[in-house]
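Quick note on UniProt numbering: the sequence shown kicks off at 1 and runs consecutively.
Note that CB positions come from ideal geometry on N, CA and C, so glycine has one too.
Everything on this sheet refers to the single structure shown next.
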Amino acid sequence: MGHHFFYNSLDGRIADNHIRMLRYGTALSFVAKASLAASVVLAFKQRVWLTVRRKAMTLSAVDSLFAAADDLSAIFNAEIFRQARVAIILAIYVWCTPLVVILTSETLAVRNELAVENVTCPAVRTLNFAAEETNEWREAKRVDKLISLSVSLWNTTRGALDEDGNEFEGWYDYFTSPSWQFEQVATLAAFSKTPVARAGAAEEICGTGWNCTYTVQFTGPGYKCTELASGVGSKPKKLGNATAPFGTEILAPEGNQTYVAQAFLGHYSETQMEDVWPGGIPTTPAPFPKHLGALRTEPILWIGYSEVDDPAELQPDNRSDPKWDQVYTPKIFGCEHYETKYEVLFNYTGLLQHTNVTRRDFLHPVIDTTFLPDEPANDGTMDNTTAVPESNYILPSDTRRYRRAMAYHSIGLQLRTFINGSITEPGKIANTRALQTRLLDPTNWLGVRDMQGAVQGFYEDMLLSMLSNPQFLAVAWAAAPEVVSGVSAGGENTKFPCTRSRNDNRYRYVAWELWAVYAAAIALAIVGVGFGTVAIWEEGLWRNTRFSSIVAATRGPWLEKVPWTGDGPVEGEAKRVKVGYGLVSPSRGEDGVAEDEGRFEGRPMSRTWDAGDVVSPRGPNRVSTVGGRGDGSARDRFAFGLEGDVRQDRGVEREAEEGGGGSLGRSPKLPFRRTWQRVDQA
1 MGHHFFYNSL
11 DGRIADNHIR
21 MLRYGTALSF
31 VAKASLAASV
41 VLAFKQRVWL
51 TVRRKAMTLS
61 AVDSLFAAAD
71 DLSAIFNAEI
81 FRQARVAIIL
91 AIYVWCTPLV
101 VILTSETLAV
111 RNELAVENVT
121 CPAVRTLNFA
131 AEETNEWREA
141 KRVDKLISLS
151 VSLWNTTRGA
161 LDEDGNEFEG
171 WYDYFTSPSW
181 QFEQVATLAA
191 FSKTPVARAG
201 AAEEICGTGW
211 NCTYTVQFTG
221 PGYKCTELAS
231 GVGSKPKKLG
241 NATAPFGTEI
251 LAPEGNQTYV
261 AQAFLGHYSE
271 TQMEDVWPGG
281 IPTTPAPFPK
291 HLGALRTEPI
301 LWIGYSEVDD
311 PAELQPDNRS
321 DPKWDQVYTP
331 KIFGCEHYET
341 KYEVLFNYTG
351 LLQHTNVTRR
361 DFLHPVIDTT
371 FLPDEPANDG
381 TMDNTTAVPE
391 SNYILPSDTR
401 RYRRAMAYHS
411 IGLQLRTFIN
421 GSITEPGKIA
431 NTRALQTRLL
441 DPTNWLGVRD
451 MQGAVQGFYE
461 DMLLSMLSNP
471 QFLAVAWAAA
481 PEVVSGVSAG
491 GENTKFPCTR
501 SRNDNRYRYV
511 AWELWAVYAA
521 AIALAIVGVG
531 FGTVAIWEEG
541 LWRNTRFSSI
551 VAATRGPWLE
561 KVPWTGDGPV
571 EGEAKRVKVG
581 YGLVSPSRGE
591 DGVAEDEGRF
601 EGRPMSRTWD
611 AGDVVSPRGP
621 NRVSTVGGRG
631 DGSARDRFAF
641 GLEGDVRQDR
651 GVEREAEEGG
661 GGSLGRSPKL
671 PFRRTWQRVD
681 QA
């Protein structure tokens, strides 16, 4: 039980101090082995005495039988397998008990396993663009001593004068361009072709040595792409109320272009007024044009490309190639800028970040207007964009809505900067930064498969790369999205549900194997002890094989007939002599030396009754008459003797009872001695 409870306490734990734990387990199994072996050894000794009491065997067999539990070579004696099967089986069990130690040690293993636990991670971040709505860029807000960053840069009308020369009181800020910090992040995302991960994020979020996954939800900008035309001669469909600015005829195989993207139709002009002071302050007195700084529309991404079955294979690059007309399929699609709800799975494995947008719900357009390409604005600004309905323009005076919309506009502008342009054959004349992105295959500079999904994914790479710089205002704690995270490692208030995993060495305890080993060993030991108990019951006493017991069982003249060869090992003919243990008397040792010869002369005899003597139950001065004279001068005893000199059958007891007038009982208990004193009558 102790072994089981010890191993069970280790099960599933990290395998530290492995050698020490195995040593403890081995010690427990050794104690169990020793206990089982000791109990069976005791039973074995009883069976040995019972066997030699019942059967005559060669001296060699008796020698092997007594040594079987101590000397492995003694087992390999064919005679004892015939004459003493039970005893030799018990001896074999004793020799097999080390298997208990060996087999139970195998029940506690160390395995490399994937440990998975649902916990909370302290530094999980998400995006929340609400902070852009309330940001006051003049205050240079700090978090963790570092200045928080917006994705947008601003101009202002503050400091401008009105017609009376007074400072204009109705001033406001208006957008000028994306921030340089965000431009850096977007460029890194484009070049790396994957979302940029923050240095040290894996250990900070998951913990040292762990992998982890978690899912965050947030609302941000996204492009919703729709296929408008596919195939030679296909006429592009409208996208809402907007019409594609080109058709499939400019794309291969009809045309020479394999890629074309127009992403700046209706673009917000970064120069809103012609004459301004530094900071975009108009030099002309207020009032200013109504639509100064207004977001009038968001440009649609109009993308056309020539699709092939495998962009990574070499493709025709001029019309002279007969395959030119067969391999290219012209396609056109358009992408509108939407506010989008995202669900993103983050996976940190081996310190590397992997992201997967598992869900995107397009909520509504960033601005719901339609660009009119041929209608000039003429509204007093440098922005010649006209869109309808005008009532949907987002004005700087609507501060919170305007700042969020312009944050989305800044992010979208970085995407549009990379994809805008064209590639023309022959000669692969490229006029686009799309070559720096994952949108074009490097083999032929052709669009990748699933170009629509690739554009959406590229934009999401830029968006998620904002998490690599926690100084951005939009980077917040996933557990508290209203709190700008800054660069700190988080704490108890920022813990967010995550799943951690790692491969490590853990203890695995196979309980059924341990119980099977012990059950078999204990069951066999119980059977062995049962055989020993039966032997004790049949003999009527408990025996051992100590030196004194062997001396008591072998003293006397009865073994002098054995042809001993000297003081060395017993060899040759002596080993083939059959001996047994039973009732013997001096009269049976005719060829030996008389036991009483030369003893007790001229003095009273001090009688020592040995363990082998047969004592009459009628008193110390009376001895059994079995095989003797019955006058008290002869001593019959149980001892070893040659076959024919020793009575081994169970009828000896019956004969003793009938002839001696009393019950002889079973053979006396070895090696204990009882001493009686007898003085001869004068």
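Between residue i and residue j, what straight-line distance do the alpha-carbon atoms span, to the nearest angstrom?
i	j	result
Val-615	Leu-541	With a pLDDT of 36 at Val-615, under the threshold of 50, the predicted position of this residue should be treated as unreliable, though the coordinate-derived value follows. Approximately 15 Å between the Cα atoms of the pair.
Phe-168	Arg-404	25 Å
Val-185	Met-462	7 Å
residue 687	Phe-371	No statement about residue 687 is possible, as the shown extent of the chain runs from 1 to 682 and does not include it.
Ala-286	Val-388	26 Å
Ala-479	Gly-490	10 Å
Leu-55	Ala-68	Reading off the sequence, residue 55 comes out as Lys, not Leu. Cα to Cα, the separation comes out at about 17 Å.
Asn-378	Cys-121	55 Å
Phe-640	Phe-76	23 Å
Ile-250	Pro-236	12 Å
Glu-460	Thr-284	41 Å
Pro-426	Val-260	15 Å
Leu-435	Asp-441	8 Å
Val-308	His-409	33 Å
Thr-399	Leu-413	20 Å
Gly-207	Ala-115	14 Å
Leu-467	Ala-312	32 Å
residue 683	Val-101	Any property of residue 683 remains undetermined from this structure, which presents the chain solely from 1 to 682.
Leu-228	Ile-300	13 Å
Glu-513	Ile-526	20 Å
Pro-278	Asn-444	46 Å
Leu-664	Arg-637	No answer about Leu-664 holds up, because its pLDDT of 34 lies below 50 and its placement is not dependable.
Asp-321	Glu-390	51 Å
The alpha helix (DSSP H) that contains residue i, what's its start and end?
i	result
Gly-453	451-464
Tyr-259	From DSSP, Tyr-259 is part of no alpha helix (DSSP H) but of the beta strand (DSSP E) over 257-262.
Lys-45	18-54
Phe-66	59-67
What is the residue span of the beta strand (DSSP E) that residue i lies within?
i	result
Asp-504	496-509
Tyr-348	329-349
Phe-218	211-230
Tyr-88	The sequence as given places Ile at residue 88; Tyr does not occur at that position. That residue, Ile-88, is in no beta strand (DSSP E); its alpha helix (DSSP H) goes 85-96.
His-354	352-365
Ser-422	421-424
Tyr-305	301-307
When the Cα of residue i is compared with those of the options, which residue comes out closest?
i	options	result
Ala-523	Val-40, Phe-30, Gln-184	Val-40
Thr-126	Ala-521, Met-406, Phe-30, Pro-481	Pro-481
Glu-203	Gly-293, Gln-353, Val-276, Val-484	Gln-353
Thr-381	Met-273, Val-110, Asp-16	Met-273
Tyr-342	Tyr-348, Glu-336, Thr-355	Thr-355
Leu-108	Ile-89, Arg-502, Phe-5, Thr-494	Phe-5
Tyr-268	Ser-320, Phe-175, Pro-278	Phe-175
Ile-205	Asn-431, Trp-512, Glu-492, Val-510	Glu-492
Ala-244	Thr-271, Pro-282, Trp-302	Trp-302
Asp-374	Gly-266, Asp-162, Ile-14, Leu-103	Gly-266
Glu-133	Arg-637, Thr-545, Ala-474	Ala-474
Ser-105	Ala-476, Glu-539, Ala-516	Ala-516
Glu-539	Glu-254, Arg-47, His-3	Arg-47
Thr-432	Leu-292, Thr-258, Glu-136	Thr-258
Phe-246	Val-510, Phe-81, Gly-304	Gly-304
Gly-528	Gly-280, Pro-289, Ile-367, Leu-42	Leu-42
His-3	Ile-19, Lys-33, Asp-450, Asp-16	Lys-33
Tyr-93	Met-451, Asp-70, Glu-79, Ser-230	Asp-70
Would you kindly check if the distance between the Cβ of residue j and the Cβ of residue i is under 8 Å?
i	j	result
Gly-334	Asn-211	no
Asp-438	Ala-263	Reading off the sequence shown, one finds Arg at residue 438, where the question assumed Asp. The answer is no: Cβ separation not under 8 Å.
Ala-91	Phe-30	no
Ile-411	Tyr-402	no
Gln-471	Val-448	no
Val-455	Ile-419	yes
Val-124	Val-232	no
Trp-49	Arg-543	yes
Tyr-223	His-337	yes
Leu-149	Ser-465	no
Ile-19	Arg-506	no
Thr-545	Phe-81	no
Thr-340	Thr-226	no
Do residue i and the ligand GDP come close, with the Cβ less than 7 Å from some heavy atom?
i	result
Ala-74	For the structure depicted, the ligand GDP is absent and the ligand set is empty, with no information on it obtainable.
With three or more C-beta pairs closer than 8 Å as the rule, is the region 190-201 touching the region 326-342?
no
Pairing CB atoms from the region 225-244 with CB atoms from the region 494-503, are three or more of them under 8 Å?
no
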